[in-house]
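J.: Please see the structure below; I have some questions.
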Amino acid sequence: MTISREPHPPVAVYPGSFDPIHLGHVAIVERAAKIFPKVIVAVLDNSAKGSLFSPAERLEMMKEIWAGDPSIEVCSFNGLLVNFLHEVGASIVIRGIRAVSDFEYEFMMALMNRHLYPDAETVFLTPREEFTYLSSRVVKEVVALGGDVTGLVPDPVRMRLEARLGKATHPPTR
Ligand code: PNS
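In structure tokens:
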């Protein structure tokens with residue numbers, strides 16, 4: 186087996202649905218940016234997935250977070266992730282693993298991506314402890330039921346969630 190060495194500094198891609206992005210995701214991106222000189226956060230452009238926010242809305246919210254940080258780029262992709270990796274010249278995939286329950290799905294994806302693109306490596310990062318239980322699904326459910334997700338999602342995302350789900354009850358934090 187030969188492991189190729191990239192001539193350029195490695196570009197890492199952090200793919201996901203991000204519907205919407207939460208602070209667990211943000212922490213993973215920032216952790217990845219300490220390891221890799223360039224991190225591309227890639228939103229799956231899949232309108233058929235029954236998402237709350239359109240890919241364009243998700244992209245806009247995420248671009249706001251890292252505006253002005255040239256080492257972190259946000260863009261969308263559709264189709265196979267490996268095709269996107271080729272397109273942007275990346276072979277590193279970042280994924281966060283929160284608990285053992287994530288493992289089977291993540292393992293399957295990593296192996297499938299490696300089957301499709303043998304040079305692709307998936308790097309698993311662990312979340313900050315306080316975000317271990319966090320998921321986009323739970324965040325949406327809490328807001329839909331009138332709960333406060335301050336400190337769990339970026340403030341602009343929280344305000345959009347509350348507006349979208351008709352629960353604008355929590356003032357912006359300072
Ligand atoms: O945030 P998610 O929903 O867990 O992210 C899943 C994602 C977007 C990373 C995954 O569904 C994906 O890579 N989709 C693109 C299609 C693809 O490449 N499938 C083959 C790998 S299993």
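Be aware that the sequence shown starts at 186, since it is given in my numbering, and climbs by one per residue.
Just so it is clear, CB atoms sit at the ideal spot from N, CA and C, and this is done for glycine as well.
Tell me R280's beta-bridge partners as DSSP assigns them.
T.: The partner list for R280 (beta bridge, DSSP) reads F309.
J.: I'd like to check one pair, A295 with T311: are the Cβ atoms closer than 9 Å?
T.: No; because the gap between Cβ atoms is not below 9 Å, this pair is not in contact.
J.: Can you find at least 3 beta carbon pairs, one from the stretch 246–264 and one from the stretch 275–287, that sit closer than 8 Å?
T.: Touching, no.
J.: Compare the Cα-Cα distances from E245 to each of Y199, V259 and L237 and report the closest residue.
T.: Checking every option, the nearest Cα to that of E245 belongs to V259.
J.: Look at the alpha carbon of F238 and the alpha carbon of I220, and state the distance between them as a whole number of angstroms.
T.: Approximately 30 Å, taken between the alpha carbons.
J.: If you draw a straight line from the alpha carbon of P194 to that of V224, how long is it in whole angstroms?
T.: Distance between the alpha carbons of P194 and V224: 11 Å.
J.: Excluding the 5 residues flanking V214 on each side, which residues of the same chain have their C-beta closer than 7 Å to its C-beta?
T.: The answer, listed in chain order, is Y199, V224, V226 and I257.
J.: Leaving out the 5 sequence neighbours to the left and right, which residues in its chain are closer than 6 Å to G209 when beta-carbon positions are compared?
T.: The answer, listed in chain order, is P312, F316 and L319.
J.: Where does the unbroken alpha helix (DSSP H) through E258 begin, and where does it stop?
T.: Looking at the DSSP string, E258 is not in any alpha helix (DSSP H); the run it does join, the beta strand (DSSP E), is I257 to F262.
J.: Would you identify the three-state DSSP class for P222, choosing helix, strand or coil?
T.: Note: P222 maps to coil in three-state DSSP.
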